[in-house]
Amino acid sequence: MSTIEKNLHRVGEQISAAALLCGRSPQEITLLAVSKTKPVTAIEQAMAAGQWAFGENYVQEGVEKIQYFCQQALAHDLSWHFIGPLQSNKSRLVAENFSWLHTLDRPQLAQRLNSQRPAGLGPLNVLIQINISGEASKAGILPDQLPALAALVAELPHLNLRGLMAIPAPQHCYEAQLAVFAEMTGLFTQLREQYPSADTLSMGMSDDMPAAIAAGSTLVRIGTAIFGARDYAASTD
Numbered sequence: 016m017s018t019i020e021k022n023l024h025r026v027g028e029q030i031s032a033a034a035l036l037c038g039r040s041p042q043e044i045t046l047l048a049v050s051k052t053k054p055v056t057a058i059e060q061a062m063a064a065g066q067w068a069f070g071e072n073y074v075q076e077g078v079e080k081i082q083y084f085c086q087q088a089l090a091h092d093l094s095w096h097f098i099g100p101l102q103s104n105k106s107r108l109v110a111e112n113f114s115w116l117h118t119l120d121r122p123q124l125a126q127r128l129n130s131q132r133p134a135g136l137g138p139l140n141v142l143i144q145i146n147i148s149g150e151a152s153k154a155g156i157l158p159d160q161l162p163a164l165a166a167l168v169a170e171l172p173h174l175n176l177r178g179l180m181a182i183p184a185p186q187h188c189y190e191a192q193l194a195v196f197a198e199m200t201g202l203f204t205q206l207r208e209q210y211p212s213a214d215t216l217s218m219g220m221s222d223d224m225p226a227a228i229a230a231g232s233t234l235v236r237i238g239t240a241i242f243g244a245r246d247y248a249a250s251t252d
């Protein structure tokens, strides 16, 4: 058993334990393996252990990996999520290669992605990023901007509004983490009432995953705990 396989098994156990502790089914929570800066050999080891959903933060690096796996027999089983900040001049690469975007944060970007998405790929699944902690340095929209952006996305034929994503300010207290995530869950509940296709709440990383799951996260983004420390010098962006 490879180290990555052992790590995936350990993370899976942690997800199950957190879910059961709050009365949820572990099957309600998707594990997104954040593979940024990691080589395709590491992704192949994760695939061998049954992991099929991967998150990338850097556009060119992610596209190169996607194109590599497009040549493999199992490529159609992979789900590629772009989870980093997206500059407008790189939106076409995301629209043409990825299945998901977690960081939609402005109307102009939504319109660009919609016009650039190839019809043969089907709609791009998008999550609206919420700056739930109100940090000036953090991407995402403020909660009161959500209705307008959601309404726009819902009208664009080549985008599929799937839910919300957040990266809260770091909190070392479980109760504080839970309180912030609960705010996100409230926004998500309101969104689902108007847009039934919204089924994904992407929140929770290694340091705050239990609180995110307790609050209602349906997708957690885990990288270092699976693949080990990252080498940011390896990024091609």
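For the sequence shown, this note's numbering begins at 16 and goes up steadily by one.
Where is the CB? At the ideal position from N, CA and C, for every residue including glycine.
These figures come from a predicted structure and were not determined experimentally.
Euclidean distance between Cα positions of residue i and residue j
{"i": "Leu36", "j": "Ser232", "result": "14 Å"}
{"i": "Gln75", "j": "Ala134", "result": "22 Å"}
{"i": "Asn112", "j": "Val141", "result": "13 Å"}
{"i": "Ser31", "j": "Leu124", "result": "36 Å"}
{"i": "Leu202", "j": "Pro158", "result": "8 Å"}
{"i": "Thr56", "j": "Leu206", "result": "39 Å"}
{"i": "Asn72", "j": "Ala48", "result": "12 Å"}
{"i": "His24", "j": "Met16", "result": "10 Å"}
{"i": "Gly243", "j": "Gln66", "result": "16 Å"}
{"i": "Ala227", "j": "Ala88", "result": "35 Å"}
{"i": "Asp246", "j": "Tyr189", "result": "29 Å"}
{"i": "Ser50", "j": "Lys105", "result": "19 Å"}
{"i": "Lys80", "j": "Leu136", "result": "18 Å"}
{"i": "Gly77", "j": "Asp214", "result": "25 Å"}
{"i": "Leu179", "j": "Glu150", "result": "17 Å"}
Alpha helix (DSSP H) segment containing residue i, residue limits
{"i": "Glu43", "result": "Unbroken run through Glu43: none, as it is neither H nor E."}
{"i": "Gly77", "result": "74–85"}
{"i": "Thr52", "result": "Element bounds for Thr52: n/a, residue is neither H nor E."}
Range of the contiguous beta strand (DSSP E) that encloses residue i
{"i": "Ser31", "result": "Careful: Ser31 lies outside any beta strand (DSSP E), inside the alpha helix (DSSP H) at 18–36."}
{"i": "Ala68", "result": "68–71"}
Cβ shell of residue i (< 7 Å), same chain only, five flanking positions each side left out
{"i": "Ala110", "result": "Leu128, Gln131, Arg132, Leu139"}
{"i": "Ala169", "result": "Leu176, Tyr210"}
{"i": "Ser148", "result": "Pro183, Ala184, Val195"}
{"i": "Gln82", "result": "none"}
Whole-number beta carbon distance between residue j and residue i, since they are thought to touch under 8 Å
{"i": "Ala33", "j": "Ala194", "result": "That belief does not hold up - the Cβ atoms of Ala33 and Ala194 are roughly 17 Å apart, past 8 Å."}
{"i": "Ala181", "j": "Met224", "result": "Actually they do not touch by this definition, with Cβ atoms about 13 Å apart."}
{"i": "Leu164", "j": "Pro122", "result": "6 Å"}
Spatial neighbours of residue i in its chain, beta-carbon cut-off 8 Å, leaving aside the 5 residues before and after
{"i": "Val26", "result": "Leu46, Ile237, Ala240, Ile241"}
{"i": "Ser103", "result": "Gln123, Leu124, Arg127"}
Contact set for residue i: own chain, Cβ-Cβ below 6 Å, skip 5 residues either direction
{"i": "Asp120", "result": "Gln144, Ala154, Gly155, Ile156"}
{"i": "Met220", "result": "Arg236"}
{"i": "Leu234", "result": "Thr45, Leu47, Thr215, Ser217"}
{"i": "Ala61", "result": "Ile19, Ala48"}
{"i": "Gln192", "result": "Gln186, Asp223, Ala226"}
For this session: Only counting runs of 4 or more residues, tell me where the alpha helix (DSSP H) segments fall wholly within the region 92–168, in order along the chain.
Result: 106–112, 122–131
For this session: Give, in chain order, every unbroken run of the alpha helix (DSSP H) that is at least 4 residues long and sits entirely within the region 176–240.
Result: 189–209, 224–230
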